[in-house]
Amino acid sequence: MEHVLSLKLLENYKKNAYCSAVVGIESLYEGQEHALLTPVDGGSLGKLHWTSVETTETLIKRSHEAFLQWRNVPAPIRGQLVRRVGEVARKHKAELAEIITLEAGKTIQEAQGEVQEWIDVCEFAVGLSRQLYGLTIASERPEHRMMEQWHPLGVVGVITAFNFPMAVWAWNAMLALVCGNTLVWKPSEKAPLCALGCHAILQEALKDFPEFPQGLSTVVMGGSDIGEALAKHSLIPLVSATGSVNMGKQVAQKVGARLGRSLLELSGNNALILTPSADIELAIRGILFSAVGTSGQRCTTLRRLIVHESIADTVIERLKGAMQSVRVGDPRKEETHLGPLVDEAAVHAYERAIEQAKKEGGELVVSGGRSETASASGFYVKPVLFKMPAQSAVVMEETFAPILYVMSYSNLEDAIEMQNAVKQGLSSAIFTNDVREAERFLSVSGSDCGIANVNIGTSGAEIGGAFGGEKETGGGRESGSDAWKNYMRRATNTINYGAQIPLAQGIKFDF
Ligand code: NAD
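Per the numbering used here, residue 789 is the first one in the sequence shown, and the count goes up by one each step.
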């Protein structure tokens, strides 16, 4: 089926003129042509030309030129642009969500939530635009003053994954812009229209600021070769990359080879510990959304449930019922819980993991499989629940699909050890009503993840906190708290207002 995108701001795209309007140069069209399909029913979303490596180079230079002007605009004035972006995004929330649903297959509820996340981060960034402050530090020398300043960094290269095709850009871009940087964004090759939607909003907002430089944020389309071009480029001091561990390792090596900075947001393999004191009904609700929301395609998706042996049978029985009641189907319908996986390769990965888990002794409690009720041409699967004898090889991997593995434990130390035994370190949770268990889990000897929750599932973070994880998840932090510091450079300034020039550490150098 041919889908017509309703976002008015994208209408020009259909006339094949949109990209040049975004970046202001025609040569963006010289790259290879790509057909775009929706996972909703396999129908066409049109065609798009990828950007060539040569054009990417030109656009990076152009972004650097824009940076040289933008860095001089006072931060609160930069914030006015981001405020306007938030207003325009709010106005077009429904249309933007529709693009996410059509292109990434995310349910309309979750797609609207993703756009809301963008609007929320705009509000956060506007506040931040008046708070980019450093410390004043006591100097050991008389009549001296020390202070820190935070200055804009330069062009930020952003590489994003398909599963949060707008929000991850927004986390980076809204902060980077108020921090005085410009951006070159390479979206996932599976979600280029979402990127055009974002840029349509930005262009609309920029109409109110004709004095601002052209090229504040640029979209370059394509695959890993375009991502690599960003990673290697000396005019890009920071590359923020979201995706698989494999991608992160390659990007980090290329950026590291030129001693640039990487901000990595990579795979998760998240666990939830369910203790005997927990409110089980509350936990079931938290578990279900974390395990099957976004069709199991969130970096924070719950994949490993570690349940105390005394309640394991009850929990598995309750989960079985809950998972069987999940409505799989068209993500455009409000009542759908679980839309399609992103493509056929994702369905194969799901099927492979199921076979592997069986070989490793897994007992199928909810058997899953392709959904017969949903569209035959889409990539619809049902949720799967496995009871595993141990945390075997397949459980240690991130399979981007709605498969939940359940293991049991007898004491909390073992459960925490099991939770920390994987290579990834993104999100984790405990459900307990015992304050000692909760505090143990949050303590230095507890969860080793970037996110550790109590009585909340592993997914669905708020923008106010710093988001990211440890170990192979890459160590990056984005969005709230002081994540803005990633997008700036710190200058330590010492000022002598006296008539002497004493040296630090009491060193004498008189002549
Ligand atoms: P992916 O790694 O296949 O692709 C992500 C992006 O990297 C794409 O834009 C892709 O073109 C680009 N890319 C791939 N190889 C590259 C290379 N060698 N050099 C430069 N760029 C390259 O990931 P995906 O399938 O789109 O997304 C799913 C993965 O992303 C999962 O592992 C998920 O956990 C992770 N993810 C992490 C977070 C987080 O915040 N930690 C958020 C969303 C997704």
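Yeah, the Cβ is synthetic: ideal placement off N, Cα and C, and Gly gets one too.
None of the values given here were measured: they were computed from a predicted structure.
* Residue burial classification, Arg1073 (beta-carbon count within 10 angstroms, cutoff 16) -> Arg1073 sits exposed, since fewer than 16 C-beta atoms from the chains shown fall within 10 Å of its C-beta.
* **Closest by C-alpha distance to Ala988, when choosing among His880, Glu931, Phe1229 and Gly1056** => Comparing alpha carbon positions, the residue from His880, Glu931, Phe1229 and Gly1056 closest to Ala988 is His880.
* Could you check the C-alpha separation between Leu1107 and Glu1097 for me, to the nearest Å? => Straight-line spacing of the CA atoms in Leu1107 and Glu1097 works out to 15 Å.
* What is the DSSP secondary structure of Met1195, reduced to helix, strand or coil? -> Met1195 carries a strand assignment under DSSP once its states are collapsed to helix, strand and coil.
* **Straight-line Cα distance separating Val966 from Leu916** => Answer to the nearest angstrom: the Cα atoms are 8 Å apart.
* **Best match in Leu847, Pro1290, Lys835 and Glu1250 for proximity to Val1007 [C-alpha to C-alpha]** => Closest option to Val1007, judged by alpha-carbon separation, among Leu847, Pro1290, Lys835 and Glu1250: Leu847.
* Which residues mark the beginning and the end of the beta strand (DSSP E) in which Asn1058 is found? -> From DSSP, the beta strand (DSSP E) with Asn1058 extends over Asn1058 to Leu1062.
* Continuous beta strand (DSSP E) stretch holding Ser1012: start and end -> No beta strand (DSSP E) holds Ser1012; the alpha helix (DSSP H) holding it covers Ser1012 to Lys1020.
* Inter-residue Cα distance where the pair is Ala1254 and Leu971 -> Their Cα atoms are separated by approximately 20 Å.
* Asked: Is DSSP giving Gly1252 helix, strand or coil here?
  -> Gly1252: coil per DSSP, three-state reduction.
* Asked: Which residue comes first and which comes last in the beta strand (DSSP E) that contains Ala1217?
  -> Residues Ser1215 to Phe1219.
* Asked: So is the beta-carbon of Pro953 under 7 Å away from any non-hydrogen atom of the ligand NAD?
  -> Because no heavy atom of the ligand NAD lies under 7 Å away, the Cβ of Pro953 does not count as near it: no.
* To do: Sort Val1116, Glu936 and Cys910 by Cα distance to Pro864 and report the nearest one.
  => Of the candidates Val1116, Glu936 and Cys910, the residue whose Cα lies closest to the Cα of Pro864 is Cys910.
* **Given Val1039 as reference, the closest of Lys1020, Ile1024, Ser1055 and Gly1056 once Cα atoms are compared** => For Val1039, the nearest C-alpha among the options comes from Lys1020.
* Could you spell out where the beta strand (DSSP E) holding Phe1174 opens and where it closes? => For Phe1174, the enclosing beta strand (DSSP E) covers residues Val1172 to Lys1175.
* Taking three-plus beta-carbon pairs below 8 Å as touching, is the region 1192-1209 in contact with the region 1030-1037? -> No: the two stretches stay apart, fewer than three of their Cβ pairs being nearer than 8 Å.
* Asked: Per DSSP, which one or two residues make a beta bridge with Ser917?
  -> According to DSSP, Ser917 bridges with nothing at all.
* Asked: Given Leu836, which residues of its chain have a CB within under 7 Å of its CB, disregarding the five upstream and five downstream residues?
  -> Closer than 7 Å at Cβ, skipping near neighbours: His822, Leu824, Pro980 and Met1009.
* So which of Leu984, Ile888, Gln820 and Ala913 has the shortest CA-CA distance to Gly1252? -> The option with the nearest alpha carbon to Gly1252 is Ala913.
* Asked: Can you tell me where the alpha helix (DSSP H) with Val1043 in it begins and where it stops?
  -> Val1033 to Ala1045 is the extent of the alpha helix (DSSP H) around Val1043.
* To do: Inspect the beta-carbon positions of Ser1215 and Ser1267 and report whether they are closer than 8 Å.
  => For Ser1215 and Ser1267, no; Cβs fall outside 8 Å.
* Given a cut-off of 8 Å, decide if Glu853 and Gly1003 are closer than it, judged by their beta-carbon atoms. => Yes, Cβ-Cβ distance for Gly1003 and Glu853 is below 8 Å.
* Note down, in chain order, each residue of its chain lying with its Cβ closer than 6 Å to the Cβ of Glu1122, except the 5 sequence neighbours on either side. => Only residues of its own chain outside the window of five on either side were considered, and among them none has a CB closer than 6 Å to the CB of Glu1122.
* Boundaries (first-last residue) of the alpha helix (DSSP H) holding Met1111 -> Per DSSP, Met1111 belongs to the alpha helix (DSSP H) from Ala1100 to Gln1112.
* Hey, out of Gly1117, Gly893, Lys995 and Ile1075, whose CA is closest to Leu869's CA? -> Ranking the options by Cα distance to Leu869, first place goes to Lys995.
* Based on Cα-Cα distance, which residue from Pro1025, Phe1174, Ser1028 and Thr924 lies nearest to Val1095? -> Nearest Cα to Val1095 within the set Pro1025, Phe1174, Ser1028 and Thr924: Phe1174.
* To do: Throw me the rounded Cβ distance for the Gly945 and Pro1128 pair, which I believe falls under 8 Å.
  => 30 Å between Cβ atoms; not a contact.
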